[in-house]
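So the sequence shown is numbered by my numbering: it starts at 58 and just counts up by one. Glycine is no exception: its CB is placed at the ideal position from the N, C-alpha and C atoms. See structure below.
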Amino acid sequence: MEAASADPLFNANDRLQHALDLAYRYLARRDRTEREIRRHLAARGIEPPLVELAVTELTAQDYLDDNRYARRFAEDRRTLDQWGNERIEQRLLAVGIDPETIAAILADHTPTDELEAAIEVLRRRLPSPPANAREADRALGLLLRRGYELELAHDAIRAYRRS
């Protein structure tokens, strides 16, 4: 059915509807960014002008909203996976969210919030504060893999030791 977009027997409305149908099915699994939709449709042989029309239509219907996607993604990754800002930023950039939107979303999470989240990660993963340099290095690695900045990770380890 993907070949329908190139078939001259289909009129423009049919080809647009085909592109929208592909996009709706792709969106049914989870929220997507505009870049993800564009790539998906292009990979299925939809012509660039029809891709743009489909994206415009999906945006008008409120199926596509990169800002909403980024906010939900950041909230979910912080809450469910205890990710830090750096990891969230990397993933959002990878799916096509613009840097200005990312900066605005990450600014909603204060440095104090970020520090407390990092300390909570340590509390959940480590039954007691790091007692020696080797344990501190392991704790540091844990926080860095979760996407916390180096300085903040050190601060979190010090704060966890004091608690």
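Next item on the list: Pull up the distance between the alpha-carbon of LEU150 and that of ASP119, whole angstroms please.
Entry: Reading the sequence shown from its first residue, position 93 is the one you call residue 150. Reading the sequence shown from its first residue, position 62 is the one you call residue 119. So the alpha carbons of these two residues sit roughly 21 Å apart.
Notebook entry, point to check: What number of angstroms, rounded off, separates the C-alpha of PRO156 from the C-alpha of ALA127?
Noted result: Taking the first residue of the sequence shown as position 1, residue 156 is located at position 99. Taking the first residue of the sequence shown as position 1, residue 127 is located at position 70. About 11 Å.
Item checked: Three-state secondary structure assigned by DSSP to GLU104 -> Residue 104 sits at position 47 when you count from the first residue of the sequence shown. Coil.
Next item on the list: Give a yes or no on contact between the stretch 94-103 and the stretch 123-139, applying the rule of three or more CB pairs nearer than 8 Å.
Entry: Touching, no, given that fewer than three Cβ pairs across the two stretches are closer than 8 Å.
Next item on the list: Going by CA-CA distance only, name the one from TRP140, GLY204, ARG182, VAL108 that's closest to TYR217.
Entry: In the sequence shown, residue 217 corresponds to position 160, counting from 1. Per the Cα distances, ARG182.
Next item on the list: Evaluate ASN189 with the Cβ neighbour count: other Cβ atoms within 10 Å of its Cβ, from every protein chain shown; 16 or more gives buried, anything less gives exposed.
Entry: For this step, residue 189 is matched to residue 132 along the sequence shown. Counting the other CB atoms within 10 Å of its CB gives ASN189 a total below 16, which places it among the exposed residues.
Margin query: Let me make sure I understand the geometry here. Which of ALA160, ARG125, TYR205 has the alpha-carbon closest to that of ILE176?
Written below: Looking up residue 176 in the sequence shown gives position 119. Nearest C-alpha to ILE176: TYR205.
Notebook entry, point to check: Whose C-alpha, out of ALA80, ALA111, TYR81, HIS97, is nearest the C-alpha of ASN70?
Noted result: Numbered from its first residue, the sequence shown carries residue 70 at position 13. That would be ALA111, whose Cα lies nearest to the Cα of ASN70.
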